[in-house]
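What follows is one structure encoded as structure tokens, with my remarks underneath.
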């Protein structure tokens, strides 16, 4: 009888332990599952075009991914069907968004919309890093499937937390050399990342980005300068330089003007993240981006518990 | 001699002979014994005749995976690879011998593949995938294929390479998509000489799983241009003339354009850039004294030469339409290849 009671007690204890383990296990996994957001430099989308984000998971465990875009008004539009996709190791997945899927009227004359894309990525296994994933962003002609522009990025993990000031001035990616002709506009877009909670208790001191964009010629003579702008966290702002507004004659025959674009944005924050810049040459008539150059993607570690 | 006969006879011819059965059994036993004792070599076979090195083996040296060269009908995807190994054979850590390039679907199945012997040091070669020669239907209406491109370079590794000491400047590569009819590149990316950083000494693989990687450095580029286009190469002296102690930091700047066989087809003058100044050199396709491919396309390698500056400097390489002056392609400086999976 005593043995029987002991056995029953043991079974009950084991059952309770198993139940507790069942309840505890998901939360343990969830707390340890890394959660990231990858933010692309801004790009414009004109009628007849679609935006494609592609995520490549080179090897190892699957990741969950969801793509979103925002326009300057802050509206979020899901890409693809808006759902979370499982991207297995060794495979890639593309998220598409047609310009016609967005009801906003866009810019006057062309219908172009300036957008910002991001990809929310959740690692399937605890304590896995995001390093090694690759992402790309393309603008594609819907009628024939050709890519107009492509921007490719390796996901490089930037640590979050710690102090530091980041001043956006000069540097290789920030000091772009390109040329524009009459009928084209050079558009520089600056994005101030939103305030993600790093979970370390640090708070940004002054999260706004303040500054302007300058255009120089070969000799360093200032051709144009934008107004000063204050960009709030999570917002982006575009600065347009129409070739037709330049007083310089340009090159013989084509009137092409070779320029250096220099954004100067002071950004002070306790976090190490910085503003994100993109540079586009836009056709004034169609609103299509003909050339795209931009920074690396920004990557933020979000932590958190997956809800999918 | 008899053994040789038995070895090469089909088994059906040997039935019915006891002596031969014994010999067969003996040979089979020897074969089994030798198989069990001597492990088979997978992907590694000696090429001592090529290398002359005592421990050299022919293996997959590195694998380079490119995300996303979307390819529509009427377009060709071109992968260009340049051999930038050490010109001195005695100083080489590795010896690329063969390149295999595969076009992969989202689930990693092979759409098309090609391979060729690697070109010599200082030369480059390219591999084309014409969308019109691929039978897959692709996306609805357009037939576009979203792909990965995988380039595997095999060859000889002379010794185990240890991290820090094992940084090898070895190759340059790029991806382009061009129009079959016109020949002009519509999108492209990848610039700069690649370096392999690895630690493949036995027993270290688990210590630093990221040890084997490829990084890119430099500003050189490989790109094609057609009749009516020009190549515009820019650089800026990054020093700010308005700050500092007033010292002038001048920067020498010159550009060379090379063909696939390493011949210089065009060279700029050598100029000096003052602090803050930028300059560009323009090379017209029509000035190149070669016929090129169908449509007049010339695949060229652009080299920033005569640099006397140890710091990073802004630069750009553009393809410009001669009649309109429009930039049709701006080669991104970074990143270069996207994902690298090393193989030992």
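Chains as they are written, first to last, in our numbering: chain Y, -16 to 291; chain G, 965 to 1308. Ideal placement from N, C-alpha and C gives every residue a C-beta, glycine not left out.
Nearest-angstrom Cα distance between residue i and residue j?
i: residue 1042 of chain G; j: residue 206 of chain Y; result: 38 Å
i: residue 1134 of chain G; j: residue 163 of chain Y; result: 36 Å
i: residue 1139 of chain G; j: residue 73 of chain Y; result: 20 Å
i: residue 1097 of chain G; j: residue 1079 of chain G; result: 17 Å
i: residue 167 of chain Y; j: residue 1053 of chain G; result: 51 Å
i: residue 268 of chain Y; j: residue 26 of chain Y; result: 17 Å
i: residue 1029 of chain G; j: residue 226 of chain Y; result: 39 Å
i: residue 1294 of chain G; j: residue 1280 of chain G; result: 7 Å
i: residue 1100 of chain G; j: residue 1221 of chain G; result: 37 Å
i: residue 126 of chain Y; j: residue 1236 of chain G; result: 47 Å
i: residue 49 of chain Y; j: residue 58 of chain Y; result: 16 Å
i: residue 240 of chain Y; j: residue 1198 of chain G; result: 13 Å
i: residue 1102 of chain G; j: residue 131 of chain Y; result: 18 Å
i: residue 1258 of chain G; j: residue 1036 of chain G; result: 20 Å
i: residue 1081 of chain G; j: residue 233 of chain Y; result: 47 Å
i: residue 292 of chain Y; j: residue 30 of chain Y; result: Not covered by the structure: residue 292 of chain Y. The range shown for chain Y is -16 to 291.
i: residue 293 of chain Y; j: residue 1122 of chain G; result: Not covered by the structure: residue 293 of chain Y. The range shown for chain Y is -16 to 291.
i: residue 1063 of chain G; j: residue 1044 of chain G; result: 11 Å
i: residue 284 of chain Y; j: residue 101 of chain Y; result: 13 Å
i: residue 1288 of chain G; j: residue 161 of chain Y; result: 15 Å
i: residue 135 of chain Y; j: residue 1067 of chain G; result: 18 Å
i: residue 1193 of chain G; j: residue 245 of chain Y; result: 27 Å
i: residue 1070 of chain G; j: residue 1031 of chain G; result: 10 Å
i: residue 280 of chain Y; j: residue 119 of chain Y; result: 10 Å
i: residue 248 of chain Y; j: residue 171 of chain Y; result: 12 Å
i: residue 1276 of chain G; j: residue 1201 of chain G; result: 9 Å
i: residue 1260 of chain G; j: residue 1188 of chain G; result: 10 Å
i: residue 214 of chain Y; j: residue 69 of chain Y; result: 35 Å
i: residue 1262 of chain G; j: residue 1153 of chain G; result: 17 Å
On the criterion of 16 or more Cβ atoms from any shown chain inside 10 Å, does residue i qualify as buried, or is it exposed?
i: residue 198 of chain Y; result: buried
i: residue 159 of chain Y; result: buried
i: residue 231 of chain Y; result: exposed
i: residue 1234 of chain G; result: exposed
i: residue 1254 of chain G; result: exposed
i: residue 129 of chain Y; result: buried
i: residue 1073 of chain G; result: exposed
i: residue 44 of chain Y; result: exposed
i: residue 1120 of chain G; result: buried
i: residue 1145 of chain G; result: exposed
i: residue 211 of chain Y; result: exposed
i: residue 1105 of chain G; result: exposed
i: residue 1150 of chain G; result: buried
i: residue 190 of chain Y; result: buried
i: residue 282 of chain Y; result: buried
i: residue 1110 of chain G; result: buried
i: residue 1284 of chain G; result: buried
Take residue i as the anchor and find which of the options has the nearest alpha-carbon.
i: residue 1376 of chain G; options: G:1144, G:1070, G:1038, G:1089; result: Nothing can be reported for residue 1376 of chain G: it is not among the residues displayed for chain G, which extend from 965 to 1308.
i: residue 1108 of chain G; options: G:1260, G:1288, G:1034; result: G:1034
i: residue 277 of chain Y; options: Y:99, Y:64, Y:88; result: Y:99
i: residue 1040 of chain G; options: G:1245, G:1023, G:1143, G:1259; result: G:1143
i: residue 242 of chain Y; options: G:1260, G:1232, G:1291; result: G:1291
i: residue 265 of chain Y; options: Y:275, Y:259, Y:258; result: Y:275
i: residue 122 of chain Y; options: Y:260, Y:237, Y:272, Y:46; result: Y:272
i: residue 169 of chain Y; options: Y:285, Y:223, Y:32; result: Y:223
i: residue 1026 of chain G; options: G:1058, G:1044, G:1051; result: G:1058
i: residue 1024 of chain G; options: G:1060, G:1048, G:1055, G:1038; result: G:1060
i: residue 1223 of chain G; options: G:1232, G:1252, G:1092, G:1116; result: G:1252
i: residue 1137 of chain G; options: G:1148, G:1150, G:1113; result: G:1113
i: residue 263 of chain Y; options: Y:21, Y:19, Y:28; result: Y:28
i: residue 1265 of chain G; options: G:1038, G:1070, G:1046; result: G:1046
i: residue 1050 of chain G; options: G:1031, G:1070, G:1084; result: G:1084
i: residue 1269 of chain G; options: G:1278, G:1216, G:1188, G:1242; result: G:1216
i: residue 204 of chain Y; options: G:1205, G:1188, G:1196; result: G:1205
i: residue 1231 of chain G; options: G:1238, G:1239, G:1218, G:1048; result: G:1218
i: residue 78 of chain Y; options: Y:90, Y:103, Y:88; result: Y:103
So if I threshold CB-CB distances at 7 Å, which residues from the region 1078 to 1104 of chain G count as touching chain Y? For the region 1078 to 1104 of chain G, the beta-carbon criterion of a distance under 7 Å to any beta-carbon of chain Y is satisfied by 1103.
Segment contact flag, the region 53 to 62 of chain Y with the region 87 to 98 of chain Y, C-beta cutoff 8 Å, min 3 pairs: Verdict: yes, contact present.
Can you list, in chain order, the residues of the region 1028 to 1040 of chain G whose Cβ is nearer than 7 Å to any Cβ on chain Y? Contact residues of the region 1028 to 1040 of chain G toward chain Y are 1029, 1031, 1032, 1034, 1036, 1039 (C-beta to C-beta distance below 7 Å).
Beta carbons nearer than 7 Å to chain Y: which residues of the region 1219 to 1249 of chain G have them? Residues 1240, 1241, 1242, 1243, 1244.
With 9 Å as the C-beta to C-beta threshold (strictly closer), list the residues of the region 70 to 82 of chain Y near chain G in chain order. Per Cβ criterion, the list reads 71, 73, 74, 75, 76, 77.
Quick one: any contact between the region 35 to 48 of chain Y and the region 63 to 71 of chain Y, if contact means 3 or more CB pairs under 8 Å? Yes, the region 35 to 48 of chain Y is in contact with the region 63 to 71 of chain Y.
Short-range partners of chain Y found in the region 1262 to 1296 of chain G, where Cβ spacing is below 9 Å: Cβ contacts with chain Y come from 1276, 1277, 1278, 1279, 1280, 1282, 1284, 1285, 1286, 1287, 1288, 1289, 1290, 1291, 1292, 1293, 1294, 1296.
With 9 Å as the limit, tell me which residues of the region 1036 to 1066 of chain G have their beta carbon closer than that to any beta carbon of chain Y; keep them in chain order. Listed by position, the residues of the region 1036 to 1066 of chain G near chain Y (Cβ gap below 9 Å) are 1036, 1037, 1038, 1039.
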